[in-house]
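The sequence shown begins at 46 in the working numbering and counts up by one. Below you'll find the structure, written out as structure tokens, and then a few comments.
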Amino acid sequence: MKIAVPTRDGRVDDHFGHCDHYTIFTIEERKVVARESLPSPEGCGCKSGIAAVLQEMGVKVMLAGNMGEGAKNVLQKHDIVVVRGCSGDIETLVQSYLLGFILDSGEGCDHHDCGNH
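Below you can see the structure in the form of structure tokens.
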């Protein structure tokens, strides 16, 4: 399984569609066995095509901070489970997710600064 995290300086970037890059964690037997970095494309998350790229890479889970409904819907259409409300150090976050401590907050971005998507 692969998990993607919008990243900036080793921490969860606050907004999925405007992150510096995505860190892709490869998980085997509930342990991180590899990490890779994927540059963030131009444009917002729901229109950038990133969902298709992540799906092709085998990503099954997106651990994100804030994310609009448009981006969430596009990721879900590409069979990627979206977990919103994440923050902090990405290594700690992934370990916490694997232990079952991280759940979707159910909250999305809907204010003007996020583009409402």
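Virtual Cβ for every residue (Gly too), placed ideally from N, Cα, C.
(request) Return yes when the Cβ of V128 is within less than 9 Å of the Cβ of A109, no when it is not. (result) In the sequence shown, the residue the question calls residue 109 occupies position 64. In the sequence shown, the residue the question calls residue 128 occupies position 83. Going by C-beta atoms, A109 is nearer than 9 Å to V128.
(request) For the stretch 91–161, list the beta strand (DSSP E) runs that are entirely contained and at least 3 residues long, ordered along the chain. (result) 104–108, 126–128
(message) Going by the DSSP bridge assignment, what does F70 pair with across the sheet?
(response) Translated into positions along the sequence shown, residue 70 becomes position 25. Note: F70 sits in a beta bridge opposite I48, R80.
(message) Between E136, L99, G103, which has its C-alpha nearest V119's C-alpha?
(response) As a position in the sequence shown, residue 119 is number 74, starting the count at 1. Nearest C-alpha to V119: L99.
(message) Beta-carbon within less than 7 Å of G43's beta-carbon, same chain only, minus the 5 sequence neighbours each way: which residues are those?
(response) No information on residue 43 is available, as it lies outside the stretch 46 to 162 that the chain covers here.
(message) Relative to the C-alpha of R53, which candidate in M46, G62, G94 has its C-alpha closest?
(response) Position 8 of the sequence shown holds residue 53. Answer by Cα proximity: G62.
(request) Kindly list the residues whose CB is nearer than 6 Å to the CB of H156, restricted to its own chain and excluding five residues on each side of it in sequence; keep chain order. (result) On the sequence shown, residue 156 is found 111 positions in, with the first residue counted as 1. Because H156 carries a pLDDT of 43, less than 50, the predicted location of this residue cannot be relied on, and no value is offered for it.
(request) Give me the Cβ distance between I125 and A96, rounded to the nearest whole Å; I'm assuming they're in contact under 8 Å. (result) For the purposes of this step, residue 125 is identified with residue 80 of the sequence shown, where counting begins at 1. For the purposes of this step, residue 96 is identified with residue 51 of the sequence shown, where counting begins at 1. So it is a contact: roughly 7 Å between Cβ atoms.
(request) Give me the Cα-Cα distance between E101 and R80, rounded to the nearest whole angstrom. (result) Sequence index remark: in the sequence shown, residue 101 carries index 56 (1-based). Sequence index remark: in the sequence shown, residue 80 carries index 35 (1-based). Cα-Cα distance, rounded: 16 Å.
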